[in-house]
Amino acid sequence: MPDMNLGDLSIASSAFQHGERLADKFAYANDNVSPPLTWSDVPEGTAELVLVCNDPDAPMVGGWTHWVLSGIDSQSSGLDGGTDVGVAGTSTFGEEGYGGPAPPPGHGTHHYFFHLYAVDQPSGLPVGATEAEAMAAIAGHIIEQARIVGTYST
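Note that the sequence shown covers residues 1272 to 1425 in our numbering.
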């Protein structure tokens, strides 16, 4: 059985509770600012934190990547809303940085998984890295992971 990377690492947001709707200001068509996130219990031995936000409900294989952020200081306890901290990867929008919810009209409720990974070595990811590149870089180096899920519909 593969290692599930479970532990005490946790992630939360002051802008939404797990399973609740994200405010319109976080949506791509509106202010398109990332929500504030906080975390706790980063495990000992963490060299870097990596954050990926993905919408698995998007009508495409692999879902839609909304955010790839690497190079996050392991001593940090969160990110302010609209942050530019870390090394910004590329979303499925083809843009670097955060790209908020943008489900197709009438497509129902989409779920936005904010995955936080504590890794045991620097990822070395460049600006513009994709989700696939990020996951390949940290494969085998994830100490723990946590997630929070927000929803959005149009």
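Glycine included, C-beta positions come from ideal geometry on N, C-alpha and C.
{"query": "Taking the alpha carbon of G1334 as the reference point, which residue from G1411, E1315, G1316 and E1402 has its own alpha carbon closest?", "result": "E1402"}
{"query": "Confirm, please, whether the CB-CB distance from T1422 to H1386 is below 7 Å.", "result": "no"}
{"query": "Starting from the C-beta of M1272, find all residues in its chain whose C-beta is less than 7 Å away, skip the five residues before and the five after it, and write them out in chain order.", "result": "Because the pLDDT of M1272 is 39, which lies under 50, any placement of that residue in the model is unreliable, and the number read from its coordinates should be weighed accordingly. Excluding sequence neighbours, M1272 sits near nothing in its chain."}
{"query": "What are the boundary residues of the alpha helix (DSSP H) that includes E1404?", "result": "E1402 to I1409"}
{"query": "At the level of alpha carbons, what is the spacing between H1378 and A1400?", "result": "28 Å"}
{"query": "In angstroms with no decimal places, state the Cα-to-Cα distance between V1321 and L1396.", "result": "10 Å"}
{"query": "Kindly indicate which residue of L1280, Q1392, P1374 and G1365 has the alpha-carbon position closest to the one of G1411.", "result": "Q1392"}
{"query": "If you count every other CB in all the chains shown that lies within 10 Å of the CB of Y1326, and 16 or more means buried, which is it?", "result": "Reading the sequence as shown, one finds Asp at residue 1326 and not Tyr. Burial call: buried."}
{"query": "Name the DSSP beta bridge partners of E1415, please?", "result": "A1389"}
{"query": "Do the CB positions of V1420 and G1290 come within less than 7 Å of each other?", "result": "yes"}
{"query": "Answer with buried or exposed for T1380, where buried requires no fewer than 16 other C-beta atoms within 10 angstroms of its C-beta.", "result": "exposed"}
{"query": "State the beta-bridge partners of A1283 as determined by DSSP.", "result": "T1309"}
{"query": "Using alpha carbons as the reference points, say which of A1389, G1365 and F1297 lies closest to L1280.", "result": "A1389"}
{"query": "For P1307 versus D1344, is the C-beta spacing smaller than 7 Å?", "result": "no"}
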